[in-house]
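J.:
2 protein chains.
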Amino acid sequence: MTTENWLSRGEAKCQSIYNAIPEKWRLKDPVPPAAELRDVTGPYIQQFLSAREIEITESDAFEITSQTTTGRWSAVEVTEAFCHRAALAHQLVSCLHEIFFDAAIESARELDAYFAKHQSPVGPLHGLPVSLKDQFHVKGVETTMGYVGWIGTFEGHRDDPRRGTVESELVRELRNLGAVLYCKTSVPATLMSGETVNHIIGYTTNPKNRLLSCGGSSGGEGALIALRGSPAGFGTDIGGSVRIPAGFNGLYGIRPSAGRIPYQGAANSFDGQNTILSVIGPLATTARSLTLLFKSVLTQEPWYHDPLVLEMPWRDAIVDETRDLIKKAQAGSSTLAFAIMHWNGMDRIHPPVARGLRIVEQTLKRLGHKVITWDPPSHATVHELAGKTFDMDGGADMRHHFGLSGEPKPPQVIVEENGTALTISAIAALNIAKREYQKRYMDYWNSTVELTGTGRPVDGVISPIAPHAAVIPHEYHSVGYSSFVNVLDYTSVVIPVTLADQAVDTRQPETSLGPHIEWDYDADTYDGAPVAVQLLGRRLQEEKILTLAEYLGSEIGPS
Amino acid sequence: MTTENWLSRGEAKCQSIYNAIPEKWRLKDPVPPAAELRDVTGPYIQQFLSAREIEITESDAFEITSQTTTGRWSAVEVTEAFCHRAALAHQLVSCLHEIFFDAAIESARELDAYFAKHQSPVGPLHGLPVSLKDQFHVKGVETTMGYVGWIGTFEGHRDDPRRGTVESELVRELRNLGAVLYCKTSVPATLMSGETVNHIIGYTTNPKNRLLSCGGSSGGEGALIALRGSPAGFGTDIGGSVRIPAGFNGLYGIRPSAGRIPYQGAANSFDGQNTILSVIGPLATTARSLTLLFKSVLTQEPWYHDPLVLEMPWRDAIVDETRDLIKKAQAGSSTLAFAIMHWNGMDRIHPPVARGLRIVEQTLKRLGHKVITWDPPSHATVHELAGKTFDMDGGADMRHHFGLSGEPKPPQVIVEENGTALTISAIAALNIAKREYQKRYMDYWNSTVELTGTGRPVDGVISPIAPHAAVIPHEYHSVGYSSFVNVLDYTSVVIPVTLADQAVDTRQPETSLGPHIEWDYDADTYDGAPVAVQLLGRRLQEEKILTLAEYLGSEIGPS
């Protein structure tokens, strides 16, 4: 395919996305350039909405379902409000790949009819609009995953009967739960980037500061939810792809351990690689909304429908135990214990991120908790393990999919384009090295029982998600703060903390961290960018970490 | 290394194993040849034991611990009885690789001292001798895994400081639980064989019929426990290696799903292959003993010590639910539902195995349960997936380890010696094909809800473990009846059913099964061989399937 061809095909698809926005919701006037107006959240986007639409769309998923499952708010009203706001969001930051508002409103009507008839909801997500990263297949809707070569195909296969006819397992479950599906969100082609860029929608910017990236690869989710064009959505994470956009957009997001949320029937990059599995997790505006979505999916018993899902229902007992620990801490009769990883020994963090960690540390201390410094096995090792895994096939999968259209690889994609595929013995050695690293890290975690004074090892670990609060385009140089979690297969919940502030986050040397921090930090450009941390738990400790995130988020989050 | 060298080194090691048997326990007279005396269990081995030793060694692990954890039986007395009987067993069927009775008696003494001081046991396995397949590292003891080239090394590495100094995670946990370790049992080098043969101990025969194989690869475990030289032990299973020897020796054995029992720090073949994981499971003389061992290990929270173990404690709630279903069935108020797989469409089963299935079917019907015929997705497909996985590295791992000494591959090893290693894209394709097969099988299992009348899909599936009851040496042609379970990662518990009987198990055509059954069946030679079935559950349903096996085993087992 010639250059003209892939460019024009990408542009045509881009136009068709825009065309799917009803005339009434199209912006009449041009949006001011980012240099003049960085932040398009809040008052800027609100000007296009009614007070009622603002009320609905600025409620969190938990609140919305408390209204829709009791019949106080109709599914149609809620759906229309979010469709409107998502349409605006896309026009502000290019965050959508697919728009299917008509189908959404139709299913909302059916939900309302069901409620009218039975006086009870279809399920716990009755009437809740849920956005989906463009890896999930939805009937009648295309999946491009950012590849021009996938336009008009099924995952790049022409004339495949599955095109437009199949649904991913998670989509089936969301429908059972009463969720309303209405749009799919932008991703970087390959999914292997901390920025969201492709030859269809171009570049998704950060709604809080359009000079910056929304993060990636679930970048469209992050941007859309930050603009409240969605109350909650599902992303995927193999190296940080849920957590980076959650953090960069001031949202909550969870990267659960592999085996809890069904990936069955979703598109993916380099499928069949099973050294580090990509996992699905929700992003939302509150921690309690993450819990709602996570828990609701588990009621569908996905372990009977996806062979990679573990038979592990939502464990209320762990929630209760964790709440009990919190209550005891609040009563002053004991404490929780946390570790903070101030840096990973490789990637210098920017002043806003360092300040975010300090805010969290001070909050933990104010709440009476024990705080220790995290001093784990070498992060250089784990960074190398992740990199080797991502480059395992020498870029063959990526070359194939870019090759379908002839489009070039965007420079932000972190996978090597012309690497060498690993041999089977190298893959086995990598799998062993990964397991041995996991074992050392596990033993280190166990060893903290000597330091906490609680009789338990640390309850959670606080870490940056990236060296920067959001990122200047093309300046995302290392995913080391996120990808180690994937190697370890730990649970991680992102908690928003504050906003970068050029008046405070100056280029002061952070002597306590060793090297002087000034690496490509630009206090002016980063001003206003969301700062977040991740709260890590051990493998499969989603119930504990979500419960802790709910508690800590309410104490440390930006008000 | 010259032929003379590996032969003589293997022989020297074999002699050193014999030398570890105390003089007083050595047989004075030669054992009659197998053609004259097939069965060396029961009266034959009992003649060398005291009545008290027989009482102790013919108790199951459950009964033994009920005595030892209450101080009624001393750990030393129990340990000495099993050491004596294990020594005899080895002299009858060559089932041991390592003997460390002195260390065992020393730890039994410590256990007795602990009990005397605290009037309570160290743990639920206090004083229970537990045998180990020769993959587990025990301090002061060698691990050869059947390779001559591993003698005097750590897993083939010379001058490795771990030699004789490290212990596998499971060994550490067993010691915490109060178990007494005293011997390691024979395996086929490579572990990839349904017979147990190597150039150290030669060939481990079947104690019930020494013309036949004891099975493999946990063959030494099967033979030793059949002779009651051990009440229970741990084997491993990647294609049937726990279940085949359990079935061939009239024992119970469980192949749990991956992620429940810790493999950390055990030797293995082709480590780092992660398409089908080898798993550890116990073998024992009763189902309740399997439950005891399995449950005890989980009390050690192995998920904090092995990165591949899932945080999934023993689930009493599932046991209670299952018992409730059984009680309701016994009261006639509802039924359980089982499927029977009479054959896999590829490997014709022998008359004793077909009769075993009929006995189980009749028992299930007598108990009032629903029985349907299992008609799953093609087993030819799953057989191919397993074979591709086992041959994935083209035999490189095996060649390396045989090459350390120059010994040849025994013909019974099922891995191709000079195959072609898969490329990374072929491995990825295999992983996808495996997952897709698992999904089809899962959907089929779900679909049986339409046939059971219980409102649930089948509660378990009954299948042969092999085409034959034990096997004539060199005549194990397909592990298709066992390896499909590993591809699916299902739970499987072996239940002994009966013994082959040449008077009954004639060459009658089993017309209902399709092809005429007479494939290499020799009614005379197979006479007396144990017949067993496996009870399959879905992935991670160990609690349910162990509970059902306890129930069904007591109804169908040989009396």
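The listed protein sequences derive, respectively, from chains A and B.
Just remember that this note's numbering sits 2 ahead of the position in the first sequence, which is counted from 1.
Just remember that this note's numbering sits 2 ahead of the position in the second sequence, which is counted from 1.
Don't be surprised by glycine CBs; every beta carbon is placed ideally from N, CA and C.
#1: Rounding to the nearest angstrom, what Cα-Cα distance links Q536(B) and L253(B) in this structure?
#2: Between E313(A) and chain B, is the shortest Cβ-Cβ distance under 8 Å, so that the two count as touching?
#3: In this structure, how does DSSP classify D503(B) when only helix, strand and coil are distinguished?
#4: Could you tell me which of E171(A), T146(A), D522(A) and L172(A) sits nearest to R160(A), measuring between CA atoms?
#5: What does the alpha-carbon distance come out to for the pair L554(A) and T493(A)?
#6: Could you tell me whether the Cβ atoms of V499(A) and I558(A) are closer together than 8 Å?
#7: Is the beta carbon of Q266(B) closer than 8 Å to that of H307(B)?
#8: Can you check DSSP and say which residues form a bridge with D1(B)?
#9: Find the nearest neighbour of K390(A) within the set G421(A), F236(A) and V311(A), judged by alpha-carbon distance.
#10: Rounded to whole angstroms, what's the CA-CA distance from P309(A) to E171(A)? Just pull it up for me.
#11: Helix or strand or just coil, what does DSSP make of A191(B)?
#12: Less than 8 Å between CB atoms is the rule here; does P233(B) satisfy it with respect to chain A?
#13: Report the residue from L327(B), A83(B) and S76(B) whose alpha carbon sits nearest the alpha carbon of A118(B).
#14: By DSSP, does P517(A) sit in helix, in strand, or in coil?
#15: Between the Cα of A388(B) and the Cα atoms of S485(B), L98(B), V143(B) and W27(B), which residue gives the shortest distance?
#16: Got a sec: is the Cβ-Cβ distance from P379(A) to anything in chain B below 8 Å?
#17: So I101(B) packs on I19(B), CB below 8 Å; how close in whole Å?
#18: What does DSSP give as the partner residues of T493(B) in its beta bridges?
#19: Taking only three categories from DSSP, how would you classify S561(A)?
#20: What is the residue span of the alpha helix (DSSP H) that A319(B) lies within?
#21: Beta carbons nearer than 8 Å to chain B: which residues of the stretch 297-325 of chain A have them?
#22: Given a limit of 7 Å on CB to CB distance, which residues of the stretch 426-458 of chain A reach chain B?
#23: Secondary structure at K30(A), three-state DSSP: helix, strand or coil?
#24: Would you identify the three-state DSSP class for V80(B), choosing helix, strand or coil?
#25: How about R174(B): is its C-beta nearer than 8 Å to some C-beta of chain A?
#26: Shorter than 8 Å from the beta carbon of A398(A) to some beta carbon of chain B?
#27: State the Cα-Cα distance for the pair V199(B) and D526(B), rounded to the nearest angstrom.
#28: Keeping to the same chain, check which residues put their C-beta closer than 6 Å to that of R317(A); ignore five residues upstream and five downstream.
#29: Per DSSP, R257(B) is paired with what?
#30: With DSSP as the reference, please indicate the residues paired to K186(A) in a beta bridge.
#31: Could you check whether the Cβ of N420(B) sits closer than 8 Å to any Cβ belonging to chain A?
#32: Short of 9 Å Cβ to Cβ, which residues in the stretch 268-299 of chain A face chain B?
#33: Using only the alpha-carbon positions, how far apart do S561(B) and L366(B) sit?
#34: What does a CB cutoff of less than 8 Å around A37(B) pick up in its chain, not counting 5 residues either side in sequence?
#35: In this structure, what does DSSP give as the bridge partners for K372(B)?
#36: Ordered along the chain, which non-local residues of its own chain (more than five positions away) have a Cβ less than 6 Å from that of L90(A)?
T.: Let me spell this out:
#1: 11 Å
#2: For E313(A), the nearest CB of chain B lies under 8 Å from its own CB, placing it at the interface with that chain.
#3: coil
#4: The shortest Cα separation from R160(A) among E171(A), T146(A), D522(A) and L172(A) belongs to T146(A).
#5: 16 Å
#6: For V499(A) and I558(A), yes; Cβs fall inside 8 Å.
#7: Result yes, Cβ atoms of H307(B) and Q266(B) sit closer than 8 Å.
#8: Outside the shown range of chain B, which is 3 to 561, sits residue 1(B), and nothing can be said about it.
#9: When each option's Cα is compared against that of K390(A), the closest is G421(A).
#10: 11 Å
#11: coil
#12: Judged by the 8 Å Cβ criterion, P233(B) is not in contact with chain A.
#13: Comparing Cα positions, the closest option is S76(B).
#14: Its pLDDT being 49, under 50, P517(A) is placed unreliably in this model, and the value from its coordinates should be taken loosely. Correct three-state label for P517(A): coil.
#15: S485(B)
#16: no
#17: 6 Å
#18: In the DSSP assignment, the residues bridged to T493(B) are G539(B).
#19: Reliability fails at S561(A), whose pLDDT of 46 lies under 50, so the model's placement of it is uncertain and no value is given.
#20: Per DSSP, A319(B) is one residue of the alpha helix (DSSP H) stretching across D318 to Q332.
#21: W305, Y306, H307, D308, P309, L310, L312, E313 and M314
#22: I426, S427, I429, A430, A431, N433, I434, R437, Q440, K441, M444 and N448
#23: coil
#24: V80(B): helix per DSSP, three-state reduction.
#25: By this cut-off, R174(B) is not an interface position.
#26: yes
#27: Straight across, the Cα-Cα distance linking V199(B) with D526(B) is about 24 Å.
#28: E545
#29: Under DSSP, the beta-bridge partners assigned to R257(B) are S494(B).
#30: Beta-bridge pairing by DSSP links K186(A) to E100(A) and L134(A).
#31: Under the 8 Å criterion on CB atoms, N420(B) is classed as non-interfacial with respect to chain A.
#32: F272, D273, G274, Q275, N276 and T277
#33: Any reading at S561(B) must be qualified, since the residue scores a pLDDT of 46, below 50, and its modelled position is unreliable; no value is offered.
#34: L213
#35: A339(B)
#36: Sequence-distant partners of L90(A) (beyond 5 residues in either direction) whose C-beta falls short of 6 Å from its own C-beta, in its chain, are I47 and F50.
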